[in-house]
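In the working numbering, the protein residues as written are 10 to 542. We put the CB at the ideal spot given by N, CA and C, even for glycine. Quick caveat: nothing in here was measured; it's all calculated off a predicted structure. Worksheet for the structure shown next.
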Amino acid sequence: MKIYIIQPSYPKTMDERKNTVDFILESLDSVSSDADLILLPEFSNIPGASDYNQMLADYDQNTQALTDKVIATAKRTNAMVAVNMAYRTETGFRNSTLLYDNNGSLKYRYDKQHLTYAEKEIFKLDYTYRYRTDIPCIFETGGIRFAFITCYDAYFLEYIEYIRSKKPDIILICSYQRSENEDIILSQARLISSRCNSYVLRASYSMGDTTKGGHSLICDCDGTILADMEQLTGVLKADIKVPNKAYKPNGHGQQLILADEFVTQGRTPYSYLSAGSFISKTDNEMPYPRICAHRGFSALCPENTILSLSAAVALGADEVEFDLWPTKDRVMIAIHDPYFPGDRTKKIWEYTYDEVKQLDASLGMSPLIKDLRYDTFEDILKKFNHQVIMNIHIKTKFTDEWGKNTIFPYDEKDFKVIADLIEKYDCADYVYIAGDEAVMETSLKIAPHLKRCCLDGQLDFTLVDKAIKYGCYKLQLFKPYFNNEMIKKAKDNNIRCNIFWSDDPQEASAFLDMGIDTILTNNLLIVKQAFKA
Numbered sequence: 010m011k012i013y014i015i016q017p018s019y020p021k022t023m024d025e026r027k028n029t030v031d032f033i034l035e036s037l038d039s040v041s042s043d044a045d046l047i048l049l050p051e052f053s054n055i056p057g058a059s060d061y062n063q064m065l066a067d068y069d070q071n072t073q074a075l076t077d078k079v080i081a082t083a084k085r086t087n088a089m090v091a092v093n094m095a096y097r098t099e100t101g102f103r104n105s106t107l108l109y110d111n112n113g114s115l116k117y118r119y120d121k122q123h124l125t126y127a128e129k130e131i132f133k134l135d136y137t138y139r140y141r142t143d144i145p146c147i148f149e150t151g152g153i154r155f156a157f158i159t160c161y162d163a164y165f166l167e168y169i170e171y172i173r174s175k176k177p178d179i180i181l182i183c184s185y186q187r188s189e190n191e192d193i194i195l196s197q198a199r200l201i202s203s204r205c206n207s208y209v210l211r212a213s214y215s216m217g218d219t220t221k222g223g224h225s226l227i228c229d230c231d232g233t234i235l236a237d238m239e240q241l242t243g244v245l246k247a248d249i250k251v252p253n254k255a256y257k258p259n260g261h262g263q264q265l266i267l268a269d270e271f272v273t274q275g276r277t278p279y280s281y282l283s284a285g286s287f288i289s290k291t292d293n294e295m296p297y298p299r300i301c302a303h304r305g306f307s308a309l310c311p312e313n314t315i316l317s318l319s320a321a322v323a324l325g326a327d328e329v330e331f332d333l334w335p336t337k338d339r340v341m342i343a344i345h346d347p348y349f350p351g352d353r354t355k356k357i358w359e360y361t362y363d364e365v366k367q368l369d370a371s372l373g374m375s376p377l378i379k380d381l382r383y384d385t386f387e388d389i390l391k392k393f394n395h396q397v398i399m400n401i402h403i404k405t406k407f408t409d410e411w412g413k414n415t416i417f418p419y420d421e422k423d424f425k426v427i428a429d430l431i432e433k434y435d436c437a438d439y440v441y442i443a444g445d446e447a448v449m450e451t452s453l454k455i456a457p458h459l460k461r462c463c464l465d466g467q468l469d470f471t472l473v474d475k476a477i478k479y480g481c482y483k484l485q486l487f488k489p490y491f492n493n494e495m496i497k498k499a500k501d502n503n504i505r506c507n508i509f510w511s512d513d514p515q516e517a518s519a520f521l522d523m524g525i526d527t528i529l530t531n532n533l534l535i536v537k538q539a540f541k542a
């Protein structure tokens with residue numbers, strides 16, 4: 010993959026600002042037709058602007074010409090072009106990196122996640138998106154995953170971890186960093202590339218005869234700097250192999266593993282300042298025995314709603330359980346039964362999501378919450394990712410009226426929606442998939458890395474054998490259809506035992522004495538008494 014990175018001289022006067030833009034335009038013209046990707050520095054349409062009025066003037070003077078040149082260059086060279094600009098939106102100007110494809114079409118826009126004091130207070134950039142939880146910083150095309158970092162973003166190690174979780178192949182950094190020491194800039198590039206196991210392509214401005222700023226560069230996946238403009242002006246050209254991943258020993262004398270996994274496997278995110286008390290221990294780390302809030306705090310709130318799940322999390326549930334059915338358009342809805350209350354003429358998967366959004370999920374529990382809406386799986390992940398362990402009961406479609414003739418195996422496209430959302434929110438260590446044999450079959454095929462909890466065979470005492478068959482990490486017993494021999498056999502095969510259900514502290518305590526690991530309950534507060542005994 011042939012890379013071109015443009016490094017102009019940083020302007021200090023009005024004339025120099027125009028000359029810098031002209032240099033960028035001329036440099037784009039100089040790129041040859043063998044290019045695959047062209048990268049420009051931060052604020053390429055307003056370089057050197059020092060206040061709001063200068064930003065407006067330079068935006069009006071330069072933006073259209075630069076945009077036209079970028080599009081023309083993309084078409085002429087058949088290459089992608091990434092350019093950072095002051096970008097006007099309906100809510101104000103933003104610091105945006107725009108990625109154009111080889112047809113000159115805008116394919117992706119990344120809005121800088123961390124704004125500096127000057128951007129907020131002097132340039133008055135729009136920052137209404139500051140508290141977004143799903144940060145759009147990844148774009149995949151042609152099998153290559155691009156991540157985006159802009160200048161100040163590079164200082165936030167928590168953000169680097171977020172980008173690392175998205176598994177990028179190339180990280181594009183458009184930057185100023187005019188006052189930063191070059192050793193810091195180089196260290197950042199090395200750290201980001203090695204931690205994310207990704208190429209880093211950085212475009213900036215030459216600051217002249219100084220050790221500040223500059224250093225448009227290319228860094229390999231292992232942190233090796235392959236090419237560096239230092240303080241020169243011009244166009245950096247290089248050829249890289251994509252995809253490419255670095256490996257390192259898993260400790261001295263140990264086998265090779267992916268370089269990013271060397272650190273990932275040792276992280277303890279619940280102890281980091283980045284998320285503080287909102288981070289829960291993972292399913293691997295949370296001690297047993299546990300309480301799992303069945304459909305949330307369902308004794309108090311409408312089951313399977315974020316209201317119910319929130320109450321459970323707030324009251325200290327180790328796990329929450331909820332049920333998922335797909336709509337006709339494959340949106341996963343949290344609801345237990347295959348029918349919405351009061352209407353058995355139409356199954357959940359025969360509704361569109363737009364239809365579901367009109368329905369009341371309050372179950373008549375209180376007029377104060379009338380018209381409460383059904384929540385989607387993504388709603389739940391947005392709210393609770395990394396905050397609690399999730400027991401995800403995936404419900405299987407059927408062909409008869411009563412649910413006996415289930416469809417085997419579970420629909421792969423539906424399951425992929427679930428698996429993709431778990432990956433999107435980096436929650437694999439906080440979830441496990443519960444379901445019947447149809448779900449276990451598809452889960453093992455589509456996402457074998459996700460932990461499985463077998464529910465099939467609960468009534469005929471075949472549950473343990475089926476859990477062993479599907480390599481399950483857990484199983485869920487259903488009282489009273491279990492015995493001590495089943496628990497022992499499960500434990501002998503390193504399978505954790507859930508029990509459905511108990512709302513009685515004495516009964517729950519007896520289950521714990523039998524070796525049950527996790528108790529599902531509708532009334533979290535009452536059953537917590539058994540854990541205090």
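Own chain residues within Cβ distance below 7 Å of residue i, not counting five before or after
i, result
"L368", "F349, Y383"
"T451", "P418, Y419, E421, F424"
"D77", "none"
"E239", "G223, H224"
"N313", "R304, G305, F331, D332, A343, I344, H345"
Straight-line gap, residue i to residue j (C-alpha atoms, nearest Å)
i, j, result
"L534", "L324", "8 Å"
"M495", "M449", "20 Å"
"L381", "T527", "30 Å"
"D110", "Y490", "60 Å"
"L195", "H224", "8 Å"
"D338", "K391", "20 Å"
"L464", "F386", "20 Å"
"T29", "I169", "31 Å"
"G444", "I344", "14 Å"
"R199", "D231", "8 Å"
"Q16", "I378", "58 Å"
"I131", "Y140", "21 Å"
"N507", "K483", "7 Å"
"T106", "L372", "46 Å"
"M295", "A326", "11 Å"
"D513", "F540", "12 Å"
"L75", "K27", "12 Å"
Terminal residues of the alpha helix (DSSP H) in which residue i lies
i, result
"N493", "493-501"
"D237", "It is not in any alpha helix (DSSP H) - D237 instead sits in the beta strand (DSSP E) that spans 234-237."
"T22", "First-last for T22: undefined, no H or E at that position."
"S114", "From DSSP, S114 is part of no alpha helix (DSSP H); its letter is neither H nor E."
"D423", "421-433"
"V448", "446-455"
"A198", "191-205"
"D67", "61-86"
"Y168", "166-174"
"F52", "Element bounds for F52: n/a, residue is neither H nor E."
"L533", "533-541"
"L521", "514-523"
Span of the beta strand (DSSP E) around residue i
i, result
"T220", "Segment: none, T220 is in no beta strand (DSSP E) and carries neither H nor E."
"N93", "89-98"
"V322", "That residue, V322, is in no beta strand (DSSP E); its alpha helix (DSSP H) goes 315-323."
"T530", "527-530"
"L226", "226-228"
"Y13", "11-16"
Beta bridge counterpart(s) of residue i as assigned by DSSP
i, result
"C183", "T159, A212"
"L273", "Inspection of the sequence shows that residue 273 is occupied by Thr rather than by Leu. DSSP output for T273 lists no bridge partner at all."
"Q485", "N507"
"H303", "E330"
"P258", "L265"
"F470", "Paired residues: none, contrary to the question."
"H458", "Its beta-bridge partners do not exist; DSSP assigns none."
"P106", "One point to set straight first is that residue 106 is Thr, not Pro, in the sequence displayed. Bridge partners of T106: N93, Y119."
"A443", "H402, C462"
"G412", "Its beta-bridge partners do not exist; DSSP assigns none."
"Y479", "None, per the DSSP bridge assignment."
"I144", "Its beta-bridge partners do not exist; DSSP assigns none."
6 Å Cβ shell around residue i - same chain, five flanking residues per side excluded
i, result
"V340", "Y362, T385"
"S307", "S317, N531"
"I227", "L210, L235, A236, A247"
"K121", "N104, T159"
"Y161", "H123, T125"
"K221", "S188"
"Y117", "L108, F148"
Cβ-based neighbour list, residue i, same chain, cut-off 8 Å, excluding 5 preceding and 5 following
i, result
"E359", "K337"
"Y441", "D292, I398, M399, N400, I401, L459, K460, R461, C462, Y482, K483"
message = Extract the residue ranges of the alpha helix (DSSP H) inside the stretch 322-399, only unbroken runs of 4 or more that lie entirely within it.
response = 362-365, 386-393
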